[in-house]
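2 protein chains.
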Amino acid sequence: MESNATLSHKNRPFLTWQLIIDWAEEHYRSRIFNKDERIPTRPGLLYLVQKGFIRLAGSTYTVPGKKKSKPKPVETDPEEQTFLGFVGAGQPFELAQTSPFTLQAYAYCEETTVLWMYWQDLDNWPHFRREVLDAFRYQHQRKLLWLSVLGQRRTIDRLYGSIALLAEEFGEPCQWGEKLEQRGDRLPWLLTHAQIGIAIGATRVTVTRMMGQLRQQGLIHVLDDNSICLPIKLTSN
Amino acid sequence: MESNATLSHKNRPFLTWQLIIDWAEEHYRSRIFNKDERIPTRPGLLYLVQKGFIRLAGSTYTVPGKKKSKPKPVETDPEEQTFLGFVGAGQPFELAQTSPFTLQAYAYCEETTVLWMYWQDLDNWPHFRREVLDAFRYQHQRKLLWLSVLGQRRTIDRLYGSIALLAEEFGEPCQWGEKLEQRGDRLPWLLTHAQIGIAIGATRVTVTRMMGQLRQQGLIHVLDDNSICLPIKLTSN
């Protein structure tokens, strides 16, 4: 449990958070983004989500076909980008540029607010620097789990695993009935079946069918507002 | 380029590395593993690869079938594990336990040597602590790129992207002819087509066919000892 306590972002409110927000506003290092707007990032800078959610996406090199075809160095169509995860309020992110692979960040909600700074700015706040680095350590563990889920061969395992991971990290407590088992963790955003499909490498149709199967098996619950909920597991312990 | 310099492990020799090795041996926190031997890890501990390579693998929850079947909580068959990456000499790793998902580490070469310590042990070496955290920051960026590659729809893009990422991170300079373009970065271990298949979600047969295609297109080169090499890209610049 020690590591969970250390790594969970939920136990990690940034102590000097208000100080940082004030500093960023004072130095014009704060900006509000609309939903789906791209955050213009530069390698070497550190970004912090003050409010809302960031969606990370990746574009990679496409091997040209055997027959002579137009070279397609980098996919820029948003539909062709891969989903790499969300970053929530209080969390840092950074995007190192490594050709031929590129990473991008997009606002996932209206009024998503992002601060940025140079790494050396953190020298003023050594404790905060340590929190940021611990947050990356946590995110790294989450990415290992995410890779683990996406490496599963069966689509339904990838689907259930992705929902479970997102609920574990971002879920908000919810309840849809009186019974003890009618409680769980609800994803704080709506995800379309097409979006889920892109994330787990499946078609929208397949996602819809398998979401039905997971509901039938009681492994997920969909609330009236269509948000996805992972029911709490009741153990005999 | 700033971030590449900061993040590349190649520019990051551990200054106090010999000190740490001595400390670990003195405190019986060092052990040598055979190839494919599992490293017994505990959450909350920090591990450092002194020599050789570690392979990280993940096991996840399997959704039971619609028909009544035996529940399969966690896959333990190595063939069913997903490949999460390598950790080389000088690099740290840690594995937080998060049910129902588990992460494991295995020695990838003979005589792989691993040290371990508690995070608080690092309080004695604040500079080293910072290097370890920066190393996780770097690994996190690599995992984002890896996710980006694995999220590609076409198998050949996943195959080429994986090889390019591994060569970029672990490649050793090699040469197989006199010409300028007959140089490149060679993967330091042999990978079977079956292993590559598990990593990128393809069958062995598909990997073999597509490796042939990449060779024909000059995107990869296979050396006499069967190691895979990414040829240097000659630009007009």
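Chains as they are written, first to last, in the working numbering: chain A, 54 to 290; chain B, 54 to 290.
Backbone N, C-alpha and C fix where the C-beta goes; we use that ideal spot for every residue, glycine too.
Quantities reported herein were computed from a predicted structural model and do not represent experimental measurements.
Beta-carbon gap between residue i and residue j smaller than 8 Å
i	j	result
L26 of chain B	A217 of chain B	Residue 26 of chain B is absent from the structure shown; chain B starts at 54 and stops at 290.
Q71 of chain B	L168 of chain B	no
L203 of chain B	R211 of chain B	yes
R105 of chain B	T166 of chain B	The residue you asked about is not Arg; residue 105 of chain B is Gly in the sequence shown. Yes, these two residues count as a Cβ contact at 8 Å.
R236 of chain B	I273 of chain B	no
A110 of chain A	Q144 of chain A	no
Y292 of chain B	W242 of chain B	As displayed, chain B neither begins before 54 nor continues past 290, which places residue 292 of chain B out of reach and without an answer.
L246 of chain B	T69 of chain B	Correcting the residue type first, residue 246 of chain B is His in the shown sequence and not Leu. Result no, Cβ atoms of H246 of chain B and T69 of chain B do not sit closer than 8 Å.
I305 of chain B	F146 of chain B	With chain B represented from 54 up to 290, any question about residue 305 of chain B goes unanswered, as that position is not in the structure.
N87 of chain B	E163 of chain B	yes
R91 of chain B	Q173 of chain B	no
T113 of chain A	Q205 of chain B	yes
L244 of chain A	L186 of chain B	no
Outcome for residue i when other beta-carbon atoms lying within 10 angstroms are tallied against a minimum of 16
i	result
P93 of chain A	exposed
L196 of chain B	The amino acid occupying residue 196 of chain B in the given sequence is Lys; Leu does not appear at that position. Burial call: buried.
N64 of chain B	Because the pLDDT at N64 of chain B is just 43, under 50, the model does not fix this residue reliably, and the value given afterwards should be weighed accordingly. Exposed: under 16 other Cβ atoms inside 10 Å.
R239 of chain B	buried
Y81 of chain A	exposed
H193 of chain A	buried
V140 of chain A	buried
N279 of chain B	exposed
E79 of chain B	exposed
L233 of chain A	exposed
V258 of chain A	exposed
Y171 of chain B	exposed
E231 of chain A	exposed
E225 of chain A	exposed
Span of the alpha helix (DSSP H) around residue i
i	result
L218 of chain B	208-223
R257 of chain A	257-269
S201 of chain A	179-203
W76 of chain B	70-79
Beta-carbon proximity list for residue i, same chain, < 8 Å, skipping 5 on both sides
i	result
S215 of chain A	W199, V202, L203, I249, A252, I253
T261 of chain A	H246
V275 of chain B	M264, R268, I281, C282
6 Å Cβ shell around residue i - same chain, five flanking residues per side excluded
i	result
G271 of chain A	none
A255 of chain B	T208
L219 of chain B	L240
S83 of chain A	A77, L168
N- and C-terminal bounds of the beta strand (DSSP E) containing residue i
i	result
G250 of chain A	Run containing G250 of chain A: none in the beta strand (DSSP E); it sits in the alpha helix (DSSP H), 246-253.
W172 of chain B	From DSSP, W172 of chain B is part of no beta strand (DSSP E); its letter is neither H nor E.
F136 of chain B	135-140
T155 of chain B	155-160
K88 of chain A	No beta strand (DSSP E) contains K88 of chain A, which DSSP labels as neither H nor E.
Y100 of chain B	98-104
D238 of chain B	236-239
A110 of chain B	107-112
P284 of chain B	281-284
Close Cβ partners of residue i (< 7 Å) along its chain, the five nearest in sequence each way excluded
i	result
Q150 of chain A	P96
A142 of chain B	V102, Q103, K104, G105
D89 of chain B	Y159, A160
Contacts of residue i in chain D (Cβ-Cβ under 9 Å)
i	result
I107 of chain A	Of the chains in the structure shown, none is chain D; the protein chains are A and B.
Taking a cut of 9 Å between CB atoms, which residues from the segment 149-162 of chain B lie near chain A?
A149, Q150, T151, P153, F154, T155, L156
Please identify, using Cβ separations under 7 Å, the residues of the segment 167-197 of chain B that lie next to chain A, in order along the chain.
L186, F189, R190, Q192, H193, Q194, K196, L197
Below 8 Å between beta carbons is the criterion; list the residues of the segment 78-92 of chain A that meet it against any residue of chain B, in chain order.
none
The segment 198-211 of chain A: positions lying closer than 8 Å to chain B by Cβ
L198, W199, L200, S201, V202, L203, G204, Q205, R206, R207, I209, D210
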